[in-house]
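Undergrad: Residue numbers (the working numbering), protein chains in the order written: chain B, 1 to 168; chain S, 1001 to 1168; chain X, 2001 to 2168; chain F, 3001 to 3168.
Number of protein chains: 4
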Amino acid sequence: MISDLELRQVSHALLVERGVQLLDIAELVLNLQNKYIPNLSVAECLENVQAVLEKREVQNAIITGIELDKLAEQDMLSQPLREILTSDQGLYGIDEILGLSIVNLYGSIGFTNYGYLDKTKPGIIKRLDSKVGQSCHTFLDDIVCAIAASAASRMAHNDPSKIAIVNQ
Amino acid sequence: MISDLELRQVSHALLVERGVQLLDIAELVLNLQNKYIPNLSVAECLENVQAVLEKREVQNAIITGIELDKLAEQDMLSQPLREILTSDQGLYGIDEILGLSIVNLYGSIGFTNYGYLDKTKPGIIKRLDSKVGQSCHTFLDDIVCAIAASAASRMAHNDPSKIAIVNQ
Amino acid sequence: MISDLELRQVSHALLVERGVQLLDIAELVLNLQNKYIPNLSVAECLENVQAVLEKREVQNAIITGIELDKLAEQDMLSQPLREILTSDQGLYGIDEILGLSIVNLYGSIGFTNYGYLDKTKPGIIKRLDSKVGQSCHTFLDDIVCAIAASAASRMAHNDPSKIAIVNQ
Amino acid sequence: MISDLELRQVSHALLVERGVQLLDIAELVLNLQNKYIPNLSVAECLENVQAVLEKREVQNAIITGIELDKLAEQDMLSQPLREILTSDQGLYGIDEILGLSIVNLYGSIGFTNYGYLDKTKPGIIKRLDSKVGQSCHTFLDDIVCAIAASAASRMAHNDPSKIAIVNQ
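(1) In chain order, what are the residue ranges of uninterrupted alpha helix (DSSP H) at least 4 long that sit wholly in the stretch 3108-3148 of chain F?
(2) Run through chain X and tell me which residues come within less than 8 angstroms of Ala3156/F, C-beta to C-beta.
(3) Which bits of chain S does Glu27/B rub up against, with CB to CB less than 8 angstroms?
(4) Could you tell me whether any Cβ in chain X is nearer than 8 angstroms to the Cβ of Arg56/B?
(5) Any idea if Asn2039/X is buried or exposed, counting beta-carbon neighbours within 10 angstroms, 16 or more meaning buried?
(6) Short of 7 angstroms Cβ to Cβ, which residues in the stretch 2097-2125 of chain X face chain B?
(7) Hey, out of Val2042/X, Asn2104/X and Arg2018/X, whose CA is closest to Ala1960/X's CA?
(8) Find out if the Cβ-Cβ distance for the pair Thr3112/F, Lys2126/X is shorter than 8 angstroms.
(9) Is the shortest distance between the beta-carbon of Pro38/B and the beta-carbons of chain S less than 8 angstroms?
(10) For Val166/B, return the contacting residues in chain S, with the cut-off set at a CB-CB distance below 8 angstroms.
(11) How would you call Ser41/B, buried or exposed, if buried means at least 16 neighbouring beta carbons within 10 angstroms?
(12) In chain F, which residues lie with their C-beta within 7 angstroms of the C-beta of Pro2160/X?
(13) Could you check where the alpha helix (DSSP H) with Asn3167/F kicks off and where it finishes?
(14) So Asp2088/X and Gly2065/X are in contact, right, with Cβ under 8 angstroms, and what is the actual spacing, rounded?
(15) Would the stretch 2074-2088 of chain X and the stretch 3069-3082 of chain F be scored as touching if the rule is three or more Cβ pairs under 8 angstroms?
(16) From Ile2147/X to Leu1128/S, what does the alpha carbon distance come to, in whole angstroms?
(17) In its own chain, which residues sit with a C-beta less than 7 angstroms from the C-beta of Ala3061/F, not counting the 5 before and 5 after it?
(18) Does any CB atom of chain S fall closer than 8 angstroms to the CB of Thr2064/X?
(19) Beta carbon of Arg1154/S, beta carbon of Tyr1106/S: below 8 angstroms?
(20) Go through the stretch 3002-3039 of chain F residue by residue and report every complete run of the beta strand (DSSP E) that reaches 3 residues or more, in order.
(21) Straight-line CA distance for Gln2021/X to Lys2162/X?
(22) What does Glu83/B reach in chain F if we use C-beta pairs closer than 8 angstroms?
(23) Check the Cβ of Ile2163/X against every Cβ in chain F and list those closer than 9 angstroms, keeping chain order.
(24) On the three-state DSSP scale, how would you describe Pro1160/S?
(25) When burial is assigned at 16 or more other CB atoms within 10 Å of the CB, is Val2016/X buried or exposed?
(26) Which two residues bound the contiguous alpha helix (DSSP H) that contains Glu1057/S?
(27) Report the neighbours of Ala13/B on chain F: residues whose CB is nearer than 8 angstroms to its CB, in chain order.
(28) With burial defined as no fewer than 16 other Cβ atoms inside 10 Å of the residue's Cβ, what is the status of Ala156/B: buried or exposed?
(29) Would you mind working out which of Gly2133/X, Pro2122/X, Gln2134/X and Val2010/X sits nearest Asp2141/X, comparing C-alpha positions?
(30) DSSP three-state call for Asp3095/F: helix, strand or coil?
(31) Name the chain F residues whose beta carbon is nearer than 9 angstroms to that of Glu73/B?
(32) Quick one: list the residues of chain S neighbouring Ile2094/X, beta-carbon separation under 8 angstroms, in chain order.
(33) Judging by CA-CA distance, which residue of Ala3152/F, Asp3159/F and Val3052/F is the nearest neighbour of Leu3032/F?
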């Protein structure tokens, strides 16, 4: 059996290897902030991002999605899957499925933020989406949106005074 | 057994009774349009909205959600459910669950639009959300966002040249 | 805002009022046990059931589902919703949606047990399903299956040596 | 863009290549039959299986899941993903997520059958699960259960007289 420690370390290392720092995700959470939570700090966002990354389900989504992204880049996937992934084909949908499986862990209140981040593509999502060179981030961008939305949900569940982050 | 015809008619009549015309939902779909689909017409959006409303699962979500909204208005729900619904409490989440069950019928590509509409609240969603007098639309606004997002997904699945509506 | 304490107390009291003791749910979990976990105790199952019931999302599903069941019994729902609920119409589906929203909180490993309990209807599920007199448990039986499946998932996540409860 | 025809042909061919005939899946559907639908034929089950396989979302789940299964067999996945897949580790969960994304397309009434098939492993599921030699069917067995459950849901939605297949 894979140890919990190994799964956690590999999943975190993969995010960094693919250009995503936890601080980038914390800034996405902060980006969801609005005038109703004037005192939200990036440190508090980061703490919630780290807690989300402790979940085994999140780690499994990360290692699976990034593996597929990397295999697509290395031309090691069969057709038509490779072309679907390298072109980030909009009708594919399995990438959003993996993202949703993360968001669901914190209940339904994160759906709104997940969709909003995926549509507006702020910060790191924009950078992942710009597809420099041969890079493929079809799964990674949805996973990162989902982690940020989940961190916001977690914050609201733990501190209902911050509820505006999920429904404003 | 309830006839299919009765369920369809009641669910459509409830939307109208609660202030939602199908054209309002079609305009939400059009609102998701962008420069990549310059020639999208409201008639095509309306056609897709009508198709979504033919699904039994969508009709069941409508009659259940609106019933709860109305019972909350009429002060016929137990506490704390009544207060949760009349205040549209952000941590409730069952309203988003019903919306997601609609979106899921057209696959995962609709999550993004569902979340985006729920967050930005354009058109009819804004009007539902303004809570004039004693009205309660806790479930209705999520259901309407979900129908619009599903109509956009349906359009993209049926005509992949319009795929930009779901992933741009 | 509804206090966390009030929501917890009301949701637990509603289960008992409707004839479901936490021990009944713990026995469903034990029922999922098999030869691969010979030493599973009802006390450990009960502890996991109680932890699931601490989640706000679970409490919200309970108070919403049971409210609808009770309103159906009291003839206070509009048609055709009342008839759909009192006949536990198989195509309705909103009851399963609420159950799934509970199971999702513990990841996807609980789907199998959720479906299995709902199909085989052991113990308390059978008793709820027998519809003595005017009672309506359309939502309650799915919610109870979901709580039991979630408790099994929680147990497996916390103690991977008990993983057989979710995949055997 | 990948043509619809190519995606359909590849996804069907992959099922056959991995040892799953459509008739095997039709027999799973028939297996869900019970005394309440005495006249259900395998031909009708097969027709519904074929309709489910026409959906792009189902085809995408098939090509993604089977690709991962094959890469695991060929030792072309990074660790720990490879070990998780080859051992069909019960806490992984991404396989169930892909299955659920298929079932959701036909509404919530299929959850029960999905879980039941996954737990009881009749027919082809048992054969896939027996892991002869180096074969890895971690994703395939969940996908096949999901296709069968979806076919049963489709049948019930189209012919409510056959509703017993989803709720008995």
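Where is the CB? At the ideal position from N, CA and C, for every residue including glycine.
Note that this is a predicted model, so its numbers are computed, not measured.
TA: A quick look at the data gives this:
(1) 3111-3120 and 3123-3129
(2) Gly2090 and Leu2091
(3) Correct list: empty, because the minimum Cβ distance to chain S is about 18 angstroms.
(4) yes
(5) exposed
(6) Ser2101, Asn2104, Leu2105, Gly2107 and Ser2108
(7) Residue coverage of chain X in this structure runs from 2001 to 2168, which leaves residue 1960/X outside it and unanswerable.
(8) no
(9) no
(10) Gly1090 and Leu1091
(11) exposed
(12) Leu3091
(13) Ala3164 to Asn3167
(14) Wrong, their Cβ atoms sit about 13 angstroms apart, outside the cutoff.
(15) no
(16) 34 angstroms
(17) Leu3098, Ser3101, Ile3102 and Ile3143
(18) yes
(19) yes
(20) none
(21) 24 angstroms
(22) Ile3002
(23) Gln3089, Gly3090 and Leu3091
(24) helix
(25) exposed
(26) Arg1056 to Glu1073
(27) Within chain F, no residue comes near Ala13/B; the closest Cβ sits about 11 angstroms away, beyond 8 angstroms.
(28) buried
(29) Pro2122/X
(30) helix
(31) Neighbours of Glu73/B on chain F: none; closest Cβ ~13 angstroms, over 9 angstroms.
(32) Asn1060, Ala1061, Thr1064, Leu1098 and Ser1101
(33) Ala3152/F
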